[in-house]
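**Q** Submitted below is the structure of interest, expressed as structure tokens.
Number of protein chains: 2
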Amino acid sequence: MAERGGDDNRREEIKGVMNLKGVAERAGVSSSTVSRVLSGKSYVNEKTRAKVLESIKDLHYTPNVLAQALKLGRTNTIALMVPSIHNEIFPVITRGVEDVARKLGFTVILCNTDDDAEIEQDYINKLRTRYIDGFLVASALPGSDHMRRLKEEGFPVVLLSRYYDDDIDAVIIDNYQAAFEGVSYLIRSGHKRIAIACGPRALSIYEKRYQGYADALKAAGLKVDPELVIMEVNGTNSFYYLTQGLLRKGIRPDAIFATSDPKAIVIMRAIVDSGLSIPGDISVLGFDNIEMSAFVEPPLSTISQPLYEMGALGARKLIELIQGESKPPRTDILGFDLIIRKSTR
Amino acid sequence: MAERGGDDNRREEIKGVMNLKGVAERAGVSSSTVSRVLSGKSYVNEKTRAKVLESIKDLHYTPNVLAQALKLGRTNTIALMVPSIHNEIFPVITRGVEDVARKLGFTVILCNTDDDAEIEQDYINKLRTRYIDGFLVASALPGSDHMRRLKEEGFPVVLLSRYYDDDIDAVIIDNYQAAFEGVSYLIRSGHKRIAIACGPRALSIYEKRYQGYADALKAAGLKVDPELVIMEVNGTNSFYYLTQGLLRKGIRPDAIFATSDPKAIVIMRAIVDSGLSIPGDISVLGFDNIEMSAFVEPPLSTISQPLYEMGALGARKLIELIQGESKPPRTDILGFDLIIRKSTR
DNA sequence: CTGAAAGCGCTTACAG
DNA sequence: CTGAAAGCGCTTACAG
Chain A
138 MAERGGDDNR REEIKGVMNL KGVAERAGVS SSTVSRVLSG KSYVNEKTRA
188 KVLESIKDLH YTPNVLAQAL KLGRTNTIAL MVPSIHNEIF PVITRGVEDV
238 ARKLGFTVIL CNTDDDAEIE QDYINKLRTR YIDGFLVASA LPGSDHMRRL
288 KEEGFPVVLL SRYYDDDIDA VIIDNYQAAF EGVSYLIRSG HKRIAIACGP
338 RALSIYEKRY QGYADALKAA GLKVDPELVI MEVNGTNSFY YLTQGLLRKG
388 IRPDAIFATS DPKAIVIMRA IVDSGLSIPG DISVLGFDNI EMSAFVEPPL
438 STISQPLYEM GALGARKLIE LIQGESKPPR TDILGFDLII RKSTR
Chain B
138 MAERGGDDNR REEIKGVMNL KGVAERAGVS SSTVSRVLSG KSYVNEKTRA
188 KVLESIKDLH YTPNVLAQAL KLGRTNTIAL MVPSIHNEIF PVITRGVEDV
238 ARKLGFTVIL CNTDDDAEIE QDYINKLRTR YIDGFLVASA LPGSDHMRRL
288 KEEGFPVVLL SRYYDDDIDA VIIDNYQAAF EGVSYLIRSG HKRIAIACGP
338 RALSIYEKRY QGYADALKAA GLKVDPELVI MEVNGTNSFY YLTQGLLRKG
388 IRPDAIFATS DPKAIVIMRA IVDSGLSIPG DISVLGFDNI EMSAFVEPPL
438 STISQPLYEM GALGARKLIE LIQGESKPPR TDILGFDLII RKSTR
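The listed protein sequences correspond, in order, to chains A and B.
Just so we're on the same page, the working numbering is the position in the first sequence counted from 1, plus 137.
Just so we're on the same page, the working numbering is the position in the second sequence counted from 1, plus 137.
Dropping the structure here:
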């Protein structure tokens, strides 16, 4: 009895928070036995088991996960690292992750990294100390090698939706191909001066979407006009001023491919505020198919990705890894859909 | 040496995952001493401390949070329970929570409850076993008393944004007053037949907003016309058909107050698709001021709540509770803003 | 089939 | 100022 002094661990005294020893005493057996009926891994005499089970029920006993984790080296907890849960697509992915995790007995710790390598590293340092069984990472920072380092340290890691790499498991869509097909559709329907409103190309998804755009133009014998490449300056809302600036200078694309739906919606606003019509004067194509995109005016044509499934599959893969199924790393590529509504002609 | 047999705890062997004992040996002191320099709670000879610090650095040692938690009975982890992270307002709240928690050395476990009492209970059972230091709950289920039970068991609990109760700390806005002022504004600007598009009144926020709507009408000598009360049937999108149905029957409100922005956006779509104009024929007022609401066509007038601050303050309060400052429970009421854009005349 | 014992990695009262 | 020891609540190899 070292401490147990005047400390304030109220929870200690609450009925309902019991330990193995308490259960064992009430059942008249040793804690080893209780542990065994709990784990179900060894045979226990039917009668003993019944007594133990009853004692557990009477005492409302639930095992202390922390102690188990300390002993076993597993916490049944995974970390989900996303740039920002605020960003439209991550809530859906997160929901997929969480649902699967919950079903399989895991809890998820949410980390917002802001695509900042330092914050990412912070989290990793904090979590790696056996606090976490594995990492699900939607990072867009291709240069950062802390992922690889984590993996080398033996942590299960699955990459989600963004950057990926042959050495690490991943679940993604083919962003290049999706952009390629979206822009090709625009070309097929008669557009000739297609602008792109692109997120930072330092993030691999945007780089890929940009390449898809450029190659689709090339494949149709058109070429990329630097005037028509609108790069994000400072957040999504900057596209409002960027687009207006472009139009005011008299530059007149006949379509704009936005690399995300929120960007597309902001751009539609700028177009309308400039006195032009959609899709009459300018078509707009988005990316992501966020829920609202069907309801804005005009309803937005866009490319949809299976976000929920991405999260769900990612979680499933990670938990398989944690539970020791060691297959070689594999990148799962999910499908996308081109959804035509009224913002393109 | 009981086990240590052929088990697969690879992480054990990885450099970088060290324990107190290792650090102590390298520094030529006892683990007690190392623990002491780490905690900073007792004096340690300057020279000894320096040696220890060096050893820690050399070994890239970070303490095992699990072991600390087991010993101390605290995990520095809080649970955030939200109906669904998918729902527009929760990502922002969550971000506020997470930022504060992180700054104060806490991690947050995210739980999606779907406003389902059983799932809520599930989580609580799972997490209560000292896994978690406290709960931040955005539950809308007023009838559920598991919150109260949790509190009685000694768990710190803070309620967020939704249901609240005098016995438990909470951070909210005055939903009644906000709706009252929004609808009063509509009345002042000449609207006489004001409809409400209301989420399920079983959820306390919607009940409050409904009351604010009803009382604002009453205060102006108008009364609630049951024909103009549109109740959600099955998710936000149902308002599309509900609104169209209303208009098709020839019922013609001159304004619609929607109890959330997504509802407002869906309703605007239905109005336009029915060949009417906004705000010419019908004004629309939303609630929440989600980011996109400034960009939709027409830009949406709405009531904004300080979501980020709500999350941040909630987290701060919870952590204070956890750290033992026991003030009497208090409900903090944050301000709201009526934002007039172009969807109301 | 079951118990006693060691050990997971910490912290801290107790002696020096 | 510092170390040896007990204990947080579990699990499991080792003996019976």
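Where is the CB? At the ideal position from N, CA and C, for every residue including glycine.
Can you give me the start and stop residues for the beta strand (DSSP E) that A/L247 sits inside?
**A** Within the first sequence, residue 247 of chain A is the residue found at index 110, counting from 1. First-last of the beta strand (DSSP E) with A/L247: 244-249.
**Q** Can you list the residues of chain A that B/E235 reaches, using a CB-CB cut of under 9 Å?
**A** Here residue 235 of chain B refers to the residue found at position 98 when the second sequence is read from its first residue. Neighbours of B/E235 on chain A, chain order: I222, L247, C248, N249.
**Q** Straight-line CA distance for B/K386 to B/G349?
**A** Reading the second sequence from its first residue, position 249 is the one you call residue 386 of chain B. Reading the second sequence from its first residue, position 212 is the one you call residue 349 of chain B. Distance between the alpha carbons of B/K386 and B/G349 is about 27 Å.
**Q** Count Cβ pairs between the segment 312-323 of chain A and the segment 420-431 of chain A that sit closer than 8 Å; are there 3 or more?
**A** yes
**Q** In the DSSP output, which residue or residues are listed as bridge partners for B/F394?
**A** Here residue 394 of chain B corresponds to residue number 257 of the second sequence, with the count starting at 1. Beta-bridge pairing links B/F394 to B/I333, B/L422.
**Q** Do you know how far the Cα of B/V409 is from the Cα of A/F227?
**A** As a first step, residue 227 of chain A must be located in the first sequence, where it is residue number 90. As a first step, residue 409 of chain B must be located in the second sequence, where it is residue number 272. So the two alpha carbons sit approximately 30 Å from each other.
**Q** Is A/G382 helix, strand or coil by DSSP?
**A** Counted from its first residue, the first sequence places residue 382 of chain A at position 245. Reduced to three states, the DSSP call for A/G382 is helix.
**Q** For chain A, is any of its Cβ atoms less than 8 Å away from the one on B/F432?
**A** As a first step, residue 432 of chain B is located in the second sequence; it is residue number 295 there, counting from the start. Residue contact check for B/F432 against chain A: a CB pair falls below 8 Å.
**Q** Taking C-beta pairs closer than 7 Å, name the residues in chain A that B/Y268 reaches, listed in chain order.
**A** Taking the second sequence and counting its residues from 1, the one referred to as residue 268 of chain B is at position 131. Neighbours of B/Y268 on chain A, chain order: V202, L203.
**Q** B/I367 by DSSP, collapsed to three states: which one?
**A** Your numbering for residue 367 of chain B matches position 230 in the second sequence. In the structure shown, B/I367 sits in a strand (DSSP, three-state: E or B).
**Q** To which residues of the same chain is B/R338 closer than 8 Å at the C-beta, ignoring the five residues directly before and after it?
**A** Start at 1 with the first residue of the second sequence, and residue 338 of chain B comes out as number 201. E344, Y347, M368, listed in sequence order.
**Q** For chain B, is any of its Cβ atoms less than 8 Å away from the one on A/R141?
**A** By 1-based counting over the first sequence, the position of residue 141 of chain A is 4. In this prediction, A/R141 has a pLDDT of 32, which is less than 50 and means its spatial position is unreliable; what the coordinates show is noted afterwards. So, not an interface residue.
**Q** For A/E225, which residues of its own chain have a beta-carbon under 8 Å away from its beta-carbon, when the five flanking residues on both sides are left out?
**A** Taking the first residue of the first sequence as position 1, residue 225 of chain A is located at position 88. If we look at A/E225 and ignore the five residues flanking it on each side, its Cβ neighbours are S397, D398, P399, D425, I427.
**Q** Decide if B/K355 is buried, meaning its Cβ has at least 16 other Cβ atoms within 10 Å, or exposed.
**A** Here the question's residue 355 of chain B lines up with position 218 in the second sequence. Its Cβ having fewer than 16 others within 10 Å, B/K355 is exposed.
**Q** Going by alpha carbons, who is nearest to B/L264 out of B/T212, B/V366, B/P220?
**A** By 1-based counting over the second sequence, the position of residue 264 of chain B is 127. Per the Cα distances, B/T212.
**Q** Does any residue of chain B have a CB that is nearer than 8 Å to the CB of A/T199?
**A** In the first sequence, residue 199 of chain A corresponds to position 62, counting from 1. Chain B contact via Cβ: present.
**Q** Taking the straight line between their C-alpha atoms, what separation do you get for B/V175 and B/V295?
**A** The sequence position of residue 175 of chain B within the second sequence is 38, counting from 1. The sequence position of residue 295 of chain B within the second sequence is 158, counting from 1. Checking the sequence shown, residue 175 of chain B turns out to be Leu, not Val. Rounded to whole angstroms, B/L175 to B/V295 spans 31 Å at the Cα level.
**Q** Just checking my contact of B/N249 with B/S276 at CB under 8 Å: how many whole Å lie between their CB atoms?
**A** Numbered from 1 along the second sequence, position 112 holds the residue referred to as residue 249 of chain B. Numbered from 1 along the second sequence, position 139 holds the residue referred to as residue 276 of chain B. Wrong, their Cβ atoms sit about 12 Å apart, outside the cutoff.
**Q** Leaving out the 5 sequence neighbours to the left and right, which residues in its chain are closer than 6 Å to A/K158 when beta-carbon positions are compared?
**A** By one-based count along the first sequence, residue 158 of chain A stands at place 21. Excluding sequence neighbours, A/K158 sits near S168.
**Q** What residues in the segment 321-333 of chain A bring their beta carbon closer than 9 Å to a beta carbon of chain B?
**A** none
**Q** Hey, quick one: how far does the beta strand (DSSP E) through A/V166 stretch, first residue to last?
**A** For this step, residue 166 of chain A is matched to residue 29 along the first sequence. Looking at the DSSP string, A/V166 is not in any beta strand (DSSP E), and its letter there is neither H nor E.
**Q** List the whole-angstrom C-beta distance separating A/P435 from A/K479, where the pair is believed to meet the contact cut-off of C-beta under 8 Å.
**A** The residue you call residue 435 of chain A lines up with position 298 of the first sequence. The residue you call residue 479 of chain A lines up with position 342 of the first sequence. Rounded, the Cβ-Cβ distance is 4 Å, consistent with contact.
**Q** Is A/N262 close to chain B, meaning its C-beta is less than 8 Å from at least one C-beta of that chain?
**A** Locating residue 262 of chain A in the first sequence gives position 125, counting from the first residue. It does; some Cβ of chain B falls within 8 Å.
**Q** My output table needs one value for B/M284: the three-state DSSP class, helix, strand or coil.
**A** Numbered from its first residue, the second sequence carries residue 284 of chain B at position 147. Reduced to three states, the DSSP call for B/M284 is helix.
**Q** State the CB to CB distance for the pair B/N166 and B/V202, rounded to an integer number of angstroms; the pair is presumed to be in contact (CB under 8 Å).
**A** By one-based count along the second sequence, residue 166 of chain B stands at place 29. By one-based count along the second sequence, residue 202 of chain B stands at place 65. For the sequence presented, residue 166 of chain B should be read as Val rather than Asn. B/V166 to B/V202, Cβ: 22 Å. No contact.
**Q** For A/G448, count neighbouring C-beta atoms within 10 Å of its own C-beta (all shown protein chains included) and say buried if the count is 16 or more, exposed if not.
**A** Counting from 1 along the first sequence, the entry for residue 448 of chain A is found at position 311. By the 10 Å Cβ count, A/G448 comes out buried.
**Q** Buried or exposed: B/G271, going by 16 or more other Cβ atoms within 10 Å of its Cβ?
**A** The residue given as residue 271 of chain B occupies position 134 in the second sequence. Answer is buried; the Cβ neighbour count reaches 16.
**Q** Terminal residues of the continuous beta strand (DSSP E) containing A/S441?
**A** Mapped onto the first sequence, residue 441 of chain A falls at position 304. Start and end: 439-441.
**Q** Please tell me whether B/A395 has its Cβ less than 8 Å away from any Cβ of chain A.
**A** Numbered from 1 along the second sequence, position 258 holds the residue referred to as residue 395 of chain B. It does not; no Cβ of chain A falls within 8 Å.
**Q** Hey, does B/I470 have any beta-carbon neighbour from chain A nearer than 8 Å?
**A** By 1-based counting over the second sequence, the position of residue 470 of chain B is 333. Judged by the 8 Å Cβ criterion, B/I470 is not in contact with chain A.
**Q** Distance cutoff 8 Å, beta carbons only. Does B/I402 sit that close to anything in chain A?
**A** Position 265 of the second sequence, counted from the first residue, corresponds to residue 402 of chain B. Interface residue, yes.
**Q** Can you tell me whether DSSP reads B/I470 as helix, strand or coil?
**A** For the purposes of this step, residue 470 of chain B is identified with residue 333 of the second sequence, where counting begins at 1. Note: B/I470 maps to strand in three-state DSSP.
**Q** Counting only beta-carbon separations shorter than 8 Å, does A/P465 have a partner in chain B?
**A** Along the first sequence, one-based indexing puts residue 465 of chain A at 328. No, A/P465 lies away from the interface with chain B (no Cβ there is under 8 Å from its Cβ).
**Q** Does DSSP put B/F227 in a helix, a strand or coil?
**A** Translated into the one-based positions of the second sequence, residue 227 of chain B becomes position 90. Helix, per DSSP.
**Q** Can you grab the Cα-Cα spacing for the pair A/P293 / A/G210, in whole Å?
**A** Residue 293 of chain A sits at position 156 when you count from the first residue of the first sequence. Residue 210 of chain A sits at position 73 when you count from the first residue of the first sequence. So the alpha carbons of these two residues sit roughly 14 Å apart.
**Q** Can the beta-carbon of A/R299 be found closer than 8 Å to that of A/I342?
**A** Sequence index remark: in the first sequence, residue 299 of chain A carries index 162 (1-based). Sequence index remark: in the first sequence, residue 342 of chain A carries index 205 (1-based). Yes, the pair counts as a contact, with Cβ atoms nearer than the cut-off.
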